[in-house]
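Following full-length UniProt numbering, the numbering of the sequence shown begins with 1 at its first residue and continues without gaps. From the three backbone atoms N, C-alpha and C, an ideal C-beta is built for every residue, glycine too. Below is one structure, written out as structure tokens, with a few remarks after it.
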Amino acid sequence: MINSIWNDLCQQPTLTVNRQLYSKILSDSTTQLQQCIEQLLIQLNNRAIVLTRCANFATALRDAAAMQEISPLSPLGYLQAANIYSEQGRQQAVIDICNEGLSIVDVNDPGYSKLQQVKTDAMQRANCRIDFISRLPLGIVRHTLFPMMLKGWDGDLLNGTMQCPYLDVSKMWFDQAIQAHGGGFQFEVYDKESCTQLTRYAQYTKAIHVQSWSQGKWLFDLLRRTNLCSLRELKIKDLKDHINVDQLVSALKSVSNTLTHLTIWRSRSEPTPTQQPKRKRLLLVADILINCPNLVMLDIAYEFNTDFSAVPLTMTWPQLTTLSLDHHDSFAFNGQFLAILKRFPSLEKLVLNPCIETQPMTIIQRYCPSMRDLQLITRTEQSPSPAILEQQDEDQGMHEVGGLEKIAVLGVNQHDDAWMDMRYTLKQHHNTLVHLELDMDYAGNNDEELFNLEFPCLKTLTLRCSGFRNACFGWWIVEKAPFLEELCFTTRTILSNPAILGIRPPSTLRKLKMDLAGVAHLDDPAVIARYLDQFSEEENSLLKDVKICFGDSGDIPATVVAAICRLKHIHHLSISFSPLWKQYQVDNFTDMLAEGCPNLLSLEFQSTSSLSEYAITNLKRLEYLRHLAFYMDDPTINTAKYNAFRSFSQLKFIRLFWIYGSPDYEFLGYIKRCRPDIKIVSEKLSPNFFF
């Protein structure tokens, strides 16, 4: 720019012939030209000032650039550009333009010192740091500011490999980050290499979630050698069988002072057929609790042993409130069940799967007065302990204050007398029960005392049974729960006692779940349609959520399908059917849904039947539909089907099911490009749709 043509034109040329008249004309012309340039600079400068005040910065910068080009030796263009950048808060740009001007403008020019001063002021402003973090309300910092800067901050786990440079701004910033996140970070790791950030912030880590652990001793080393002085939660989700669990239990000693929540889940992957099963070590519950005496919650879904016989009788764990032991290859005898009650006097929730024989649950209140949630899966085995333990005092506990709020008893190979233990349990806890899940047969006669029990607090009821010889235990409870909100039963429940369909659920019912696998075996499948119609005929029905599974029941009765589509009040519908519906059946079903269920907010198809363009067009008629879940693995997907989703304006969430390989990334990518307002997730089609 210093070689601008204007710079040369404003210099007075030298005459080869010295004539006074011509010299004067040349001098006057050059002076006038210089004055024109100066006047042009003044006018451009004045215009740039006005444009800046009107926040028209782009045009103002154009005029400032023209001033520098017209007169590169003049400080005026650089000063004007610096002023514009300063108004924009771009301090580094101010410094850069001043440096450019200082390298060109004559040091004796009065504007030179002005450029120096403007640069100094900009540097001071650039170095100014305002502590606005500590002055903001904590809610804004946590829920707005940090989630913007730290991926996975609010509610999700931090990736153990992803650097967090924002945490290094200042100590004040870091302290606020710790405070905003409840006193520590939560990291997600899966091997040694994913622990870099966890190791760096070890003393500030409150939770570690191990997504998978298939090999190596890296977790042992992490627990033993890292300063995890704030660790309160450890969750191991995918523990492979060949990991040495004894070393794991031993390593837990290193975090025993702070650890309060421990979860250990076995890998769900199945061994290959040629693989010989190895006898693996069991997780000894007693050793875990001895090494971690401050546990409040222990959740084990791995082969376990509940033997406490080697532990002194005086040793208890009063802090433990939640205990879940859930693995089909393990077992707990009656005596061990009683030992659990005695060792953990503050238990509020107990999940035990499986336990041997039915349990003397009437003594629960004596040993665990705070127990509110009990879930048992029983199976019959030969027990070395007495089958009935301390039952002689059962009636004494009938009048104790308080009671269970949740009971779930799921039976495997139950003996015929299992219902008798549950009879006593219901007599004791019927006034306090909120959630009840039963899977057992009723081999008794008309027991008026049992049938007349009222359940004034019951909100959710699930009834299942074998359905072969006896009625389903608890079928009569439906009409004894005046405030029931959720009801779940199966085809076998109906087969065992069809009278359950003759009981009208209370008007408070909000959610209905029906496992209708084998519905064709009913003498009259139309009874299901009549049962559903009572909700559609009720003008002010509160039923809003319906979940129905047809399984592999073969042909689905058309009367039942039509009844589903008459539930005009429902907001949420989940339906599973196998084998495949033909395409015309899916199309007809969506057509009937759009006509009969206009208030649907969410719809889930758990099936390998894909949605056609026609079906999607039908669903677009549901003006309130926001959530749609369906299977999409169709290699023939076409532009028309894409466009159908593109114009599905009310849709805001998609869950895409897949079975083999991986999800349809082509469809996922298209939706994300054309509808960025839609949240889309993918998951494998689950065989456990219903329960």
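Since residue i sits in a beta bridge, which residues does DSSP pair it with?
| i | result |
| --- | --- |
| Leu324 | The displayed chain sequence assigns Ser, not Leu, to residue 324. Ser324 pairs with Asp299 and Val351. |
| Met514 | Phe489 and Ile548 |
| Gln606 | Ser576 |
| Glu188 | Asn159 and His209 |
| Gln375 | Val351 and Ala408 |
| Asn305 | Leu284 |
Am I right that residue i and residue j are in contact with their C-beta atoms under 8 Å? What's the rounded C-beta distance?
| i | j | result |
| --- | --- | --- |
| His430 | Leu453 | 5 Å |
| Val519 | Pro557 | 7 Å |
| Asp63 | Leu51 | 7 Å |
| Ala408 | Gln365 | That belief does not hold up - the Cβ atoms of Ala408 and Gln365 are roughly 18 Å apart, past 8 Å. |
| Leu522 | Val546 | Actually they are not in contact, since the Cβ atoms of Leu522 and Val546 sit about 19 Å apart, beyond 8 Å. |
| Phe455 | Lys427 | Contact doesn't hold; Cβ gap of about 12 Å is too wide. |
| residue 713 | Leu262 | Outside the modelled stretch of the chain, which goes from 1 to 691, sits residue 713, for which no answer is possible. |
| Tyr450 | Val478 | Strictly speaking, residue 450 in this sequence is Leu, with Tyr absent from that position. Actually they are not in contact, since the Cβ atoms of Leu450 and Val478 sit about 14 Å apart, beyond 8 Å. |
| Phe577 | Ser607 | 5 Å |
| Leu259 | Leu231 | 6 Å |
Could you tell me whether the Cβ atoms of residue i and residue j are closer together than 8 Å?
| i | j | result |
| --- | --- | --- |
| Val105 | Ala122 | no |
| Tyr631 | Ser602 | no |
| Lys349 | Asp326 | no |
| Ile654 | Leu628 | yes |
| Arg224 | Ala251 | yes |
| Thr491 | Ala526 | no |
| Asp109 | Pro75 | yes |
| Trp213 | Leu239 | yes |
| residue 760 | Thr559 | Beyond the ends of the chain as shown, which are 1 and 691, falls residue 760; an answer cannot be given. |
| Ala640 | Glu613 | yes |
| Gln91 | Arg135 | no |
| Leu347 | Thr321 | yes |
| Asp299 | Gln336 | no |
| Leu102 | Gln80 | no |
| Leu463 | Ser507 | no |
| Thr304 | Leu323 | Here the sequence assigns Phe to residue 304, which means Thr is not the residue at that position. In this structure, Leu323 does not lie closer than 8 Å to Phe304 by Cβ. |
| Gln319 | Val296 | yes |
| Leu33 | Ser71 | no |
| Leu622 | Leu600 | yes |
| Ile575 | Lys544 | no |
| Gly444 | Trp419 | yes |
| Ala82 | Val118 | yes |
| His328 | Pro354 | yes |
| Leu625 | Trp658 | no |
| Gln197 | Asn227 | no |
Taking the alpha carbon of residue i as the point to measure from, which residue in the options has its own alpha carbon closest?
| i | options | result |
| --- | --- | --- |
| Cys549 | Gln534, Ala207, Phe308 and Leu573 | Leu573 |
| Ile84 | His209, Asn56, Ser103 and Phe605 | Asn56 |
| Lys237 | Leu622, His209 and Glu595 | His209 |
| Glu437 | Asp524, Cys472 and Gly403 | Cys472 |
| Asp439 | Leu458, Asp421 and Ser466 | Ser466 |
| Gln186 | Thr161, Asp168 and Glu193 | Thr161 |
| Glu485 | Leu262, Lys459 and Leu619 | Lys459 |
| Phe589 | Asn599, Leu426 and Ala562 | Ala562 |
| Leu313 | Pro369, Ala286, Met172 and Ala526 | Ala286 |
| Leu157 | Glu233, Asp221, Cys457 and Thr559 | Glu233 |
| Leu341 | Thr316, Pro354, His328 and Asn353 | Thr316 |
| Leu495 | Arg510, Ser507, Leu487 and Asp515 | Asp515 |
| Ser309 | Cys292, Leu284, His328 and Met297 | Leu284 |
| Asp587 | Cys565, Asn599, Ile616 and Leu600 | Ile616 |
| Lys672 | Leu651, Leu501 and Arg47 | Leu651 |
| residue 698 | Gln583, Thr120, Thr205 and Tyr424 | Absent from the structure is residue 698, since the part of the chain shown begins at 1 and ends at 691. |
| Trp173 | Phe146, Lys192 and Thr199 | Phe146 |
| Pro505 | Trp476, Asp524 and Asn497 | Trp476 |
| Leu112 | His143, Gly77, Cys128 and Gly89 | The residue you asked about is not Leu; residue 112 is Tyr in the sequence shown. When each option's Cα is compared against that of Tyr112, the closest is Gly77. |
| Tyr302 | Thr258, Lys513 and Asp241 | Asp241 |
| Cys164 | Glu193, Arg200, Asp191 and Gly183 | Arg200 |
| Lys406 | Thr425, Arg423 and Leu433 | Leu433 |
| Ala177 | Thr144, Glu666 and Lys192 | Thr144 |
| residue 733 | Asp555, Gly596, Ile564 and Glu604 | Missing from the structure shown is residue 733; the chain here goes from 1 to 691 and no further. |
Taking the runs of the beta strand (DSSP E) that are 3 residues or longer, which of them lie wholly in the stretch 434-493? 435-439, 460-464 and 486-490
Length-filtered (3 minimum) beta strand (DSSP E) runs lying within the stretch 572-600: 572-576
List, from N- to C-terminal side, the alpha helix (DSSP H) runs of 4 residues or more that fit wholly inside the stretch 201-265. 218-225 and 245-251
Ignoring anything shorter than 3 residues, give me the beta strand (DSSP E) runs that lie fully in the stretch 618-687, in order along the chain. 627-631, 653-658 and 679-684
Along the chain, which unbroken stretches of the alpha helix (DSSP H) at least 4 residues long are found entirely within the stretch 64-131? 76-88, 91-102 and 110-126
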